[in-house]
Each structure stands twice: as C-alpha cells, then as structure tokens.
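Have a look at the structure below, then the notes.
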Amino acid sequence: AAPGEVRPGPAGPLQPPGSLGPAPPVTPRLPCRRRRMAERPEDLNLPNAVITRIIKEALPDGVNISKEARSAISRAASVFVLYATSCANNFAMKGKRKTLNAGDVLSAMEEMEFQRFVAPLKESLEVYRREQKGKKEARKDKDKKTDSEEQDKSREEENDDDDERMEEEEQNEEEEVDN
C-alpha cells in the first residue's frame, strides 16, 4: 500500500493505511458462576488413581493392565459420566430445576438403557443415605453431649466460685473476730 492510500479494512470499507479499524465495542464482563469448559479433551478424564483403583477392584489378583488399556478405560468412563450427566440434566430441566438429584440420575440410566444398573444404584443410594443419617445423628448427639458437659462444667464452676466466696467470707469473719 502506498503512503496516504485508503484501503478497505476489517471494520469498514475505507481505512487509512496502518489502521486496524475502530476499536471493537466494549462489552462489560459479567461475573460468571459457571465452570469453564475443558480446554482439552484430556481435562475431562477422571483421575488416574481413581481409575486404577476401580480397575484393580474389578480384576482378579495378579492380572495386569497396560497403560494404553487404562487410558482407554479412563476416556470411556469420562464419556459415560458426561453423557449420564447430560441426560440427568435433561430430566432436571423438564422438572424446571437447576439442581440434579438422584432421581434424575436413575431416570437417565433407564433412558440410556442401563436398566440393570438401576437396582444396584438404588441400593447404594439407600446405604449412602443411611450412613449420612447416622453421621448426622451422631453429630447431633455429640453436640447435645458437648452442650450438657458445658452446662455441667459451668455449674461446677459456679459451685466452686460459691465455695470460694464462702471460704473468703468465713476467713474475713474469723479475722474480724480476731481483731
């Protein structure tokens, strides 16, 4: 381009040479509560330690698995989790909810034609709920016990304070009598 020549630019038909065009409009950045999408497919893989532990639990002792097979299982598991989550999200959206719940996941399993997993998943869910309920009750009992212990301690401290005051009063009375 010759000096002073006007040529078409990216933002409009006529731009002076060396110009990049008008500045793009500034859009305000809103705070985003959503998580960022993975930048690479590998970012979606489950942790290798978890995959290895699951594989070891599924295979008999002494059976080894290649790195390539472990990687393939990891990718397949990640795809399964994403697909199941997407299906469960559809059920939540139909229910006009933003939060997925266990029922959504179970419905998704049926929709994905994994009916044979629904019963074991329901059993596992019940076990999990019982454990959580037990932990919650244990925490309540501990809190109640702690509260009652604190009340007992405060009563003991009050009694000790009363005893000390009485002893001081008796000593003062004895000193007054001596004087």
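Mapping the sequence shown onto this note's numbering, position 51 (from 1) lands on 51, and the numbers just tick up by one.
A virtual CB, placed ideally from N, CA and C, is assigned to each residue, including glycine.
When only Cα atoms are considered, Asp43 and Tyr83 end up about 16 Å apart. In this structure the stretch 95–103 does not touch the stretch 63–80; the number of beta carbon pairs closer than 8 Å is below three. Apart from sequence neighbours up to five positions away, the residues of its chain that approach Cys87 with a beta-carbon distance below 7 Å are Ala108, Glu111 and Met112, ordered along the chain.
In this structure Lys122 is in contact with Leu106, their Cβ atoms being roughly 7 Å apart against a cut-off of 8 Å. By the CB criterion at 8 Å, Leu59 and Ile65 fall inside the cutoff. CA-CA distance, Ala49 to Ala72, rounds to 14 Å.
In this structure, DSSP gives Glu68 a helical state, which the three-state scheme calls helix. In the DSSP assignment, Thr52 falls within the unbroken alpha helix (DSSP H) covering Asn48 to Ala58. Annotated three-state conformation of Met112 is coil, per DSSP.
Judged by DSSP in its simplified three-state form, Val63 adopts coil rather than helix or strand. The shortest C-alpha to C-alpha distance from Val118 to any of Lys67, Arg155, Asp104 and Ser154 is the one to Asp104. Straight across, the Cα-Cα distance linking Arg155 with Thr146 is about 14 Å. Separation of Met166 and Glu158 (C-alpha to C-alpha, rounded to the nearest whole angstrom) is 12 Å.
When DSSP states are grouped into helix, strand and coil, Asn90 belongs to the helix group. Contact between Ala102 and Leu125 holds: CB atoms are separated by about 5 Å, below the 8 Å threshold. In the structure shown, Thr99 falls within a coil segment according to DSSP collapsed to helix, strand and coil.
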